[in-house]
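Structure first, commentary second.
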Amino acid sequence: MRTRTLYRVSAILLATATISVTACKKKEAPAPPAEVNLRDRVSAQIQVIKPVEGLNPDRVALGERLYHDPNLSLDGTISCASCHDITKGGDDGMQFSPGVGGLLGGVNSPTTLNSHLNFVQFWDGRADSLEAQAAGPIENPVEMANTFPNVIAYLESEDSYVEGFKKAFGDAEINQNTITTAIADYERTLTTLNSPFDRWLEGDDDALNPQELAGLQAFMDVGCSSCHQGPGVGGTMYQRMGNVKDYFGSLERSLDETDYGRYNVTQKEEDKFRFKVPMLRNVAETAPYMHDGYTDDLGEIVRIMALHQLGQNLEQQQIDDIVAFLGTLTGDMPTVDIAALNLPKPRAVAPADAKDDEKDGEEATQEPEAAE
Ligand code: HEC
Ligand code: HEC
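In short: position in the sequence shown from 1, add 291, done, that's the numbering used here.
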């Protein structure tokens with residue numbers, strides 16, 4: 292009995308001592324909670340999105356109009372925003388996007404939000420700047436199916452545009468260069484700030500709930516951030532789809548040229564199936580996923596990624612946690628007041644000389660947009 296009591300007393304004493312030692316320690320040098328270490332680890336690979344500074348507001352305003360104006364397309368029906376709705380994640384939620392005449396492109400529309408963070412543009416990286424990219428869709432037969440001479444003639448016929456270009460570019464003429472510069476500068480304003488993840492990264496411990504935090508931990512531990520990194524959580528490198536386990540052979544469809552990715556640009560065998568690693572910012576808003584818009588199911592993509600890119604079979608719990616974490620990458624969506632843009636009325640009829648191009652377009656339905 293006595294020994295027991297003694298034991299108990301000393302146990303209590305010991306416990307008290309431990310507590311006071313810990314308390315003491317805490318005062319002098321606070322033991323870092325686990326999240327702080329995780330935060331350092333994450334920060335080394337993924338950074339907070341920052342707004343782009345120093346943009347010319349007149350160019351941005353002009354670019355915003357051009358981006359939303361369907362009259363830049365051959366028949367006045369399709370604008371950049373048709374496929375890249377900035378209020379809905381910067382894409383259109385479809386597997387393949389219909390352009391002029393309903394023709395479909397061969398790959399899924401990526402988001403334009405934060406697109407300046409991409410080291411190159413397009414799934415295969417064939418444009419090295421937003422300016423170079425913006426020229427593509429205007430003349431792509433399955434997108435806006437127009438020509439620059441047409442677009443320039445249209446813009447020169449509209450006083451509001453003539454004024455807008457003058458404000459933005461002074462005496463420089465309205466040409467492909469000034470048009471794409473304005474659009475690209477507008478795109479540079481489409482940053483999605485203030486996501487829960489960014490708030491957490493900046494020190495707000497409450498910005499992520501325990502499941503989201505577990506998902507972030509898994510994202511790091513499993514190795515997703517070896518490819519999806521930088522402020523865009525992607526967009527910084529090319530990688531092979533099927534990095535450690537063949538992916539394309541596992542698909543229940545036959546392959547086509549669009550699956551070759553970077554190879555279409557370089558014709559190098561080692562570039563087959565290599566794609567720009569997509570950004571994961573706002574990914575919860577940009578289904579369907581992958582270059583072929585394979586599925587809307589983000590959990591399925593997480594499973595595929597772990598298996599084919601990293602050789603790991605994830606537990607369902609880990610998949611759910613990572614999906615929860617990916618949801619915290621959604622920031623404040625940009626907004627647009629279409630009425631305030633005061634766009635010219637839709638042009639009912641396309642110029643006669645451009646109509647021939649429409650026929651060319653139909654033949655191009657099956658082509659990937661390599662022509663851009
Ligand atoms: C008919 C639908 C459609 C229209 C219209 C369209 N795009 Fe796209 N956009 C796409 C598709 C599809 C891709 C991917 C093509 C590829 O990678 O081969 C893309 C890619 C992009 C990218 C690259 C993003 C990335 O992550 O690589 C940007 C930026 C972009 N478009 C901006 C624009 C702008 C600016 C306009 C208007 C001038 C425009 N788009 C018009 C469908 C469209
Ligand atoms: C070896 C590099 C690599 C690793 C590691 C990797 N990914 Fe990817 N990820 C890619 C590439 C490349 C694509 C585009 C593939 C395609 O479109 O066919 C992609 C696409 C995605 C997409 C679809 C995005 C979209 O907008 O369509 C998601 C989501 C994704 N990855 C999440 C993850 C997660 C979660 C992990 C960790 C389990 C991970 N990735 C690991 C390279 C990688």
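Just so you know, even glycine gets a beta-carbon here, dropped at the ideal spot from N, CA and C.
Approximately 45 Å separates the beta-carbon atoms of residue 436 and residue 334; this is outside 8 Å, ruling out the contact.
Beta-bridge partners assigned by DSSP to residue 567: 529. In the DSSP assignment, residue 358 falls within the alpha helix (DSSP H) that extends over 348–359. Taking the Cα of residue 347 as reference, the smallest distance to any Cα among 596, 485, 469, 500 is reached at 469.
In this structure the region 482–497 does not lie against the region 354–363, because fewer than three pairs of beta carbons, one per stretch, are closer than 8 Å.
Taking a C-beta distance under 8 Å as the contact criterion, residue 377 and residue 516 do not qualify as a contact pair. Here residue 535 is exposed, its C-beta having fewer than 16 other C-beta atoms within 10 Å. Judged by their CB atoms, residue 603 and residue 513 are nearer to each other than the 8 Å cut-off.
If you draw a straight line from the Cα of residue 408 to the Cα of residue 541, it is about 31 Å long. The region 546–559 and the region 404–421 touch, with no fewer than 3 CB-CB distances between them shorter than 8 Å. Our two residues, residue 423 and residue 557, have alpha carbons roughly 18 Å apart in a direct line. For residue 374, the uninterrupted alpha helix (DSSP H) run begins and ends at 371–374, by DSSP. Per DSSP, residue 418 lies in no alpha helix (DSSP H) and is assigned neither H nor E. Contact annotation: residue 473 and residue 353 have beta-carbon atoms nearer than 8 Å. Counted as a single uninterrupted DSSP element, the alpha helix (DSSP H) harbouring residue 594 occupies residues 589–595. When only Cα atoms are considered, residue 396 and residue 389 end up about 7 Å apart. Using a Cβ-Cβ distance cut-off of 8 Å, the region 495–510 and the region 626–634 are not in contact, since fewer than three pairs of beta carbons, one from each stretch, lie closer than that value. Using a 10 angstroms sphere on the CB of residue 626, the tally of other CB atoms stays under 16, which defines it as exposed. Counting C-beta atoms within 10 angstroms of its own C-beta, residue 454 has fewer than 16 neighbours from the protein chains shown and is therefore classed as exposed. Counting along the chain, residue 545 sits inside no alpha helix (DSSP H), nor does DSSP assign it H or E at all.
When DSSP reads this structure, residue 579 sits in no beta bridge, so it has no partner. Relative to the non-hydrogen atoms of ligand 1, the Cβ of residue 409 comes within a distance shorter than 7 Å of at least one. The C-beta of residue 600 has 16 or more other C-beta atoms within 10 Å across all chains shown, which makes the residue buried.
For residue 345 and residue 560, the gap between their C-alpha atoms comes out near 41 Å. For residue 474, the enclosing alpha helix (DSSP H) has its first and last residue at 467–478. In the displayed model, residue 455 falls within a helix according to three-state DSSP. Residue 395 carries a strand assignment under DSSP once its states are collapsed to helix, strand and coil. If you check the CB distance, residue 477 and residue 351 come in under 8 Å. Taking a 10 Å sphere around the C-beta of residue 567, we find 16 or more other C-beta atoms and assign the residue as buried. In the DSSP assignment, residue 554 falls within the alpha helix (DSSP H) that extends over 554–557. With respect to the C-alpha of residue 349, the residue from 459, 620, 564, 624 having the closest C-alpha is 459. Between the alpha carbons of residue 343 and residue 404 lies a gap of roughly 13 Å. Straight through space, the alpha carbons of residue 508 and residue 328 are spaced by roughly 11 Å. Not one heavy atom of ligand 2 falls within 7 Å of the beta-carbon of residue 575. Residue 571 is a Cβ neighbour of residue 525, given a cutoff of 8 Å.
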